[in-house]
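Down below is the structure, laid out as structure tokens.
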Amino acid sequence: MMPLTLLIDESGKVYDANGWAIRSKLGVAASGSALVDYAARNCGYIELKFGGSKCSLKLAPGRANYVSFSAASSLVDKHKPERMSLAWYDGEWHYEIVTNPQAAFERIVGEMWANRATAGGRFRSHLWSPLDLPGSNPLKTVFGLWQASGGCIDLATVPDLLNSQLRGKYAFIVRPPGSAKLSYTSVGTGIEAYRDQSWHTKQQTVADQPDYYYGRFLLETYREAMLAREPTLLDVDGHIEDPQADKPFNAKYTRLALPLVTSEGYDALFCASVPNRSIDLW
Numbered sequence: 006m007m008p009l010t011l012l013i014d015e016s017g018k019v020y021d022a023n024g025w026a027i028r029s030k031l032g033v034a035a036s037g038s039a040l041v042d043y044a045a046r047n048c049g050y051i052e053l054k055f056g057g058s059k060c061s062l063k064l065a066p067g068r069a070n071y072v073s074f075s076a077a078s079s080l081v082d083k084h085k086p087e088r089m090s091l092a093w094y095d096g097e098w099h100y101e102i103v104t105n106p107q108a109a110f111e112r113i114v115g116e117m118w119a120n121r122a123t124a125g126g127r128f129r130s131h132l133w134s135p136l137d138l139p140g141s142n143p144l145k146t147v148f149g150l151w152q153a154s155g156g157c158i159d160l161a162t163v164p165d166l167l168n169s170q171l172r173g174k175y176a177f178i179v180r181p182p183g184s185a186k187l188s189y190t191s192v193g194t195g196i197e198a199y200r201d202q203s204w205h206t207k208q209q210t211v212a213d214q215p216d217y218y219y220g221r222f223l224l225e226t227y228r229e230a231m232l233a234r235e236p237t238l239l240d241v242d243g244h245i246e247d248p249q250a251d252k253p254f255n256a257k258y259t260r261l262a263l264p265l266v267t268s269e270g271y272d273a274l275f276c277a278s279v280p281n282r283s284i285d286l287w
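Here it is as structure tokens:
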């Protein structure tokens, strides 16, 4: 049986990598590996190749987005390969063989996070492990409670932690089944990115921010945190535009995102942050 080679575009649409439709869409005459290389490096497409019990995945983590990555994840889950190989581009190609699909996607999510410049070019982030948090950091306390509860803790039952130690810098975020939208269900009073706090309204979507690009940055990183399905710790260094301020606000903070599931079965995140002026990702 001939290997099946697919290309997934930024909207999650799947193409036969050897078909005319993808060449027509991209407007190139290249084919084969040259076409795949061009599509991954320049357009953010993801290549999946299936053959027997094996699967290979190829992408540029700095260009591929959550939608295409989610589509690739679904296809891999459908085919259930026993082994996977990865190829990713960050100025040069890197190659790696992993033991199973879950390990492959965890590896790629890490690459998508690492020192990533995001929407508008004003935000950068760096992923590191919650295990490395110092004991004096209140995020360490939050992480410990989450671990001890098996990931089921109701953080609303610890108001002193939320309001005193975290100083209200937290948010609960949900994604209803089948929806691509992420919405706030609760936002702490300590989050002060803007002078106008009306955007904290319950059920406000994450992307709906006074600064459009900050909204895109939050949406992208929250989606990736949900996709990882494990605690993620992110240093953020960016400039938030406030329509009511004369100049951008330089946001430097460390954010912990913990995966939860609501009583209705919705995927959710509890996110908490602490200011960190020592962060420098530029």
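Residue numbers for the sequence shown, in the working numbering: 6 to 287.
The beta-carbon is built from N, C-alpha and C at its ideal position, and this holds for glycine as well.
Through-space distance from residue j to residue i, alpha-carbon basis
{"i": "T190", "j": "L11", "result": "38 Å"}
{"i": "N23", "j": "S188", "result": "39 Å"}
{"i": "G243", "j": "N70", "result": "20 Å"}
{"i": "E229", "j": "G183", "result": "16 Å"}
{"i": "Q209", "j": "G220", "result": "11 Å"}
{"i": "G17", "j": "L80", "result": "11 Å"}
{"i": "A45", "j": "L64", "result": "5 Å"}
{"i": "V279", "j": "C48", "result": "35 Å"}
{"i": "S61", "j": "Q107", "result": "13 Å"}
{"i": "E101", "j": "F110", "result": "12 Å"}
{"i": "V103", "j": "A92", "result": "11 Å"}
{"i": "D290", "j": "P66", "result": "Residue 290 is absent from the structure shown; the chain starts at 6 and stops at 287."}
{"i": "T162", "j": "R28", "result": "55 Å"}
{"i": "V192", "j": "Y218", "result": "19 Å"}
Nearest residue (CA-CA) to residue i, options the options
{"i": "Y50", "options": "C60, G57 and S75", "result": "S75"}
{"i": "E235", "options": "E197, L64 and L274", "result": "L274"}
{"i": "D165", "options": "T146, A153 and G156", "result": "T146"}
{"i": "P139", "options": "L286, T259, P8 and R28", "result": "T259"}
{"i": "C276", "options": "G195, Q214 and D216", "result": "G195"}
{"i": "I284", "options": "D159, S130, E269 and S58", "result": "S130"}
{"i": "Y227", "options": "I245, R282, E197 and L261", "result": "L261"}
{"i": "A250", "options": "P8, L40, P215 and F222", "result": "P215"}
Three-state secondary structure assigned by DSSP to residue i
{"i": "W287", "result": "coil"}
{"i": "C48", "result": "helix"}
{"i": "Y218", "result": "helix"}
{"i": "D242", "result": "strand"}
{"i": "D272", "result": "strand"}
{"i": "P264", "result": "strand"}
Whole-Å CB distance - residue i paired with residue j, under 8 Å assumed
{"i": "D272", "j": "R180", "result": "5 Å"}
{"i": "D3", "j": "S73", "result": "Nothing can be reported for residue 3, as the shown portion of the chain is limited to 6 through 287."}
{"i": "L132", "j": "T237", "result": "6 Å"}
{"i": "A233", "j": "V114", "result": "5 Å"}
Contact between the segment 167-185 and the segment 244-254: three or more CB pairs below 8 Å? With a cut-off of 8 Å, the segment 244-254 and the segment 167-185 do not count as touching, because too few Cβ pairs lie within range.
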